[in-house]
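Here the structure comes first, spelled out in structure tokens, and everything after it is commentary.
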């Protein structure tokens, strides 16, 4: 399974584990969270000495350090469920050695994958999705490539949007939509009153090309159409999705 | 489509009542002694419209639910010439099942061949329209039914009261109204409700186009399929002639000035007069004033010359076209749009030359012909015997 | 805009009651009628108590608070391309000219609000002149940025004369400005004329320079106004709005405060401006601001900066080539203030009265774009 996907799923699983996790005591046993080592592990991330309990999964690779409980102490059922769920998720989704720290507040989970420094769940959330390429964070070059390609597509769309080449009568999109205002890409798919049916953004772009611009429709996989969509969406970045809104 | 679901328990009973209605319609009046009178109390067997899945129910007024008996009574009235002052014109005279439920004429012709100013629209699928008449002056079928009865160039009754008096003298009607509405002293509202209920059953679906939309790609010829694409695209039809699964009737129920008959009329003088005239129906039958269209109802200058978008189901059978019947064929009608309508100061800004090729125009005609349904043929078969009574 | 649909009986009653009213009663209900007129587009003829209603393109006679002194019309922002008379912009410009010509009675004069051409080309300006020559009333011309920046107004001056000037009419002092002066952006990069024009032509140009009236015209204005009595009503025609609405689209005049300061001493000042292609209303101190419609296309309302007094026009439907576009009239009242009527095609006209601006009533918020 591709690492990026693995880790993304891993994160989701862990979030679920932390947030919900209703497992019975039986399931806890079945998860095989048997061995608990008696070592007290200092929190590497926080640098403080906490009372902790360590639980290792049966594959010997996934370990959860639960803060606030001593070794040998029996976890309350809720907590046990969370730990079990966390371990199950970790085991299910990857083969790496993972050390997870579950602080008492339970709002954050710290992960250390294969000996890498601990990172907070939220940080991980931002950095890791799509970003672990074969276990390694993306390189600067890669990030620059992605940004450059995105920018190029958007600029191409900007140029098309602000010129009259798509039509035959000199009218350009920016005449009714300066700065792509009034395009509302975040409301598609929606019932488009000109088309009398539920349509996508590209259907409306094509309608505008045919009608006010008196030009010829673009096919869905035309790079010009993709560029236009890239520009229009980028201009409305940050708006919440409200498909169907008029 | 068009006939309703009979509730199982009332099947036999309603069958008998329909028979009674048919017998009445067949004109056994002179032999009145032979007609059995059925149950004296009010009868109301529910009548559920059978609609294809996804189609939104039409709006039926709460005070006029459909019933089998009411529909039958309405049918009788619809075909009854005695509703006109000289017993020559029934609703079916201008809304004839054999002629697409219209009359094939340029403008309507009433008693004594008196001519109106507008083309008779079809009564098919009118249950689904927001408003009736070309200018939308009636907001329900009940209201519409009352109009022609007292229009001097249509059915010519001097008043609704006069019609009611006339009908109340007919024993068969007294019985029928007793049964449907629970009173022998029926009013014009009862008459209108019955007629409207009958009209609400005149719905047609199941055309080759409907089957094509339903997934049968072979249901429509490839020319008609190209026509459908044009209808939604280059020919710009769909924006006013709305079609989708929930509302498959090809009208937006709005009013547009597309430039029909805007040439020869002095609109300023007419508009001034119309602004103070409150009898809209009167003006709507006057050649000249009738051309003001929706303006007669709203008195708003933007509505001068604007007429309701008609539906397009069965359109191949409802020639001639436009509110004044000025386009005799589908081909001529498409040419009119291809030109961009007729220029006039109030022309809807959506009208513009379409630059259709000869082939494209043919495809559009083929598409429109594919809107003729099996239901229409069945309705015609069921009802053509009623005409001419 | 909400439409009042009276039932036939109510309509009949209304008309009958109006006809029967005494002169005093009529005046007292005039206000209500005017409000109703604004809401429902019934038009009432003021003066001889006859209720008459005429199609807007034939006869827009408005009920005004206070007697109307005179009316002028405007046609603006035609943005013509050199594609002949059948191009939709040319057709729209012609439509406005013919609607104005159909006014009865005729307006005292017609103002052209600027942006006659789209790219400042000779052919475009000549086409525009041909269309505007059809206007029957006297015509006053004003320049916009689309007319100016191809050749810095050379062809404009040849065809239409001075880009700024003043005149008096029936006791009102009119001033026409060239309020689209911008800082030189073309000399350093050695731009060719078409490049310079295209730079100005894009409304949302992120590198665009803000409009100004400029020092030369402000000095001229000061001297011109020095000869005018402070009680004389002033009407300023300007392409840019002479206030600050939305800088990214140059709905903006950078030296607005300085210009407004010159106008402050006068009791009644009304600015009629173009460029914004939308129904737009504002008041700053003693100055009323009214935007005018374009015949070619509508601009959307800006994401921010919209004056609170503006009642927005509804969004245009791009299926209809004339929707959101039109022309208009201004009734100059005996007070020198102005009532504005936006003649939107295929819609009911929108009317904004001086009294509404005086009352400072904030409009209900409209849609955000």
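Chains as they are written, first to last, in the working numbering: chain F, 38 to 283; chain P, 18 to 406; chain S, 2 to 370. Note that beta-carbon positions come from the ideal geometry of N, C-alpha and C, so glycine has one too.
Cross-strand partners of residue i (DSSP beta bridge)
i: residue 108(S); result: None, per the DSSP bridge assignment.
i: residue 139(S); result: 110(S)
i: residue 147(F); result: 138(F), 157(F)
i: residue 126(P); result: 132(P)
i: residue 284(S); result: 289(S)
i: residue 7(P); result: The structure shown has nothing for residue 7(P), since chain P only spans 18 to 406.
i: residue 342(S); result: 330(S), 352(S)
i: residue 104(F); result: 89(F)
i: residue 185(F); result: Paired residue(s): none; residue 185(F) is not in a bridge.
i: residue 1(S); result: As displayed, chain S neither begins before 2 nor continues past 370, which places residue 1(S) out of reach and without an answer.
i: residue 75(S); result: 112(S), 329(S)
Contact set for residue i: own chain, Cβ-Cβ below 8 Å, skip 5 residues either direction
i: residue 397(P); result: 114, 115
i: residue 219(S); result: 256, 259, 260, 263
i: residue 171(S); result: 70, 71, 109, 333
i: residue 204(S); result: 250, 251, 300
i: residue 221(P); result: 18, 19, 141, 142, 330, 331, 390, 392, 393, 396
i: residue 98(P); result: 104, 105, 106, 107, 110, 406
Where residue i meets chain F, residues with beta-carbon distance less than 7 Å
i: residue 320(S); result: 231, 248
i: residue 248(P); result: Those do not exist, as residue 248(P) stays about 11 Å from chain F at its closest Cβ, beyond 7 Å.
i: residue 303(P); result: Simply none; closest approach about 35 Å.
i: residue 260(P); result: 233
Interface residues of chain P facing residue i [CB-CB closer than 9 Å]
i: residue 205(F); result: Those within 9 Å of residue 205(F) in chain P number zero; the least Cβ separation is about 11 Å.
Chain-ordered chain S contacts of residue i [CB-CB under 7 Å]
i: residue 369(P); result: 322
i: residue 265(F); result: Under the 7 Å cutoff, chain S gives no residues; its nearest Cβ is about 16 Å from residue 265(F).
Partner residues on chain F for residue i, Cβ-Cβ distance less than 9 Å
i: residue 84(S); result: 206, 207
Classification of residue i by the beta-carbon crowding that lies within 10 angstroms, buried from 16 upward
i: residue 323(S); result: buried
i: residue 64(S); result: Only weak support is given to the placement of residue 64(S): the predicted model assigns it a pLDDT of 39, under 50, and the value that follows is read from those uncertain coordinates. By the neighbour-count rule (16 or more Cβ atoms within 10 Å), residue 64(S) is buried.
i: residue 25(S); result: A caution first: residue 25(S) carries a pLDDT of 44, below 50, which makes its placement in the model unreliable, though a value can still be read off. Exposed, by the Cβ-count rule.
i: residue 345(P); result: exposed
i: residue 217(P); result: buried
i: residue 278(F); result: exposed
i: residue 100(S); result: buried
i: residue 341(S); result: buried
i: residue 374(P); result: exposed
i: residue 133(P); result: buried
i: residue 174(F); result: exposed
i: residue 281(S); result: buried
i: residue 347(P); result: buried
Whole-angstrom C-beta distance between residue j and residue i, which should lie under 8 Å
i: residue 87(P); j: residue 211(P); result: 6 Å
i: residue 116(S); j: residue 275(S); result: 7 Å
i: residue 127(P); j: residue 171(P); result: 4 Å
i: residue 328(P); j: residue 266(P); result: 4 Å
i: residue 314(P); j: residue 293(P); result: Their Cβ separation, rounded to whole angstroms, is 14 Å, which puts residue 314(P) and residue 293(P) out of contact at 8 Å.
i: residue 267(S); j: residue 287(S); result: 7 Å
i: residue 323(P); j: residue 274(P); result: 4 Å
i: residue 80(S); j: residue 297(S); result: 4 Å
Residues near residue i in its chain [Cβ-Cβ closer than 7 Å; skip 5 each side]
i: residue 280(F); result: 224, 225, 226, 227
i: residue 191(P); result: 185, 201
i: residue 214(F); result: 220
i: residue 82(S); result: 88, 90, 119, 125
i: residue 309(S); result: 363, 364
Contact set for residue i: own chain, Cβ-Cβ below 6 Å, skip 5 residues either direction
i: residue 72(S); result: 108, 330, 332
i: residue 197(P); result: 86, 87, 90
i: residue 369(P); result: 357
i: residue 147(P); result: 270
i: residue 175(S); result: 168, 236
i: residue 75(F); result: Any reading at residue 75(F) must be qualified, since the residue scores a pLDDT of 36, below 50, and its modelled position is unreliable; no value is offered.
Where residue i meets chain S, residues with beta-carbon distance less than 8 Å
i: residue 276(P); result: In chain order: nothing, as chain S lies at least about 13 Å away.
i: residue 356(P); result: Result: empty, since nearest Cβ-Cβ is about 13 Å, beyond 8 Å.
i: residue 365(P); result: 321, 347
i: residue 256(P); result: 320
Neighbour list for residue i in chain P, Cβ cutoff strictly below 7 Å
i: residue 145(F); result: Correct list: empty, because the minimum Cβ distance to chain P is about 49 Å.
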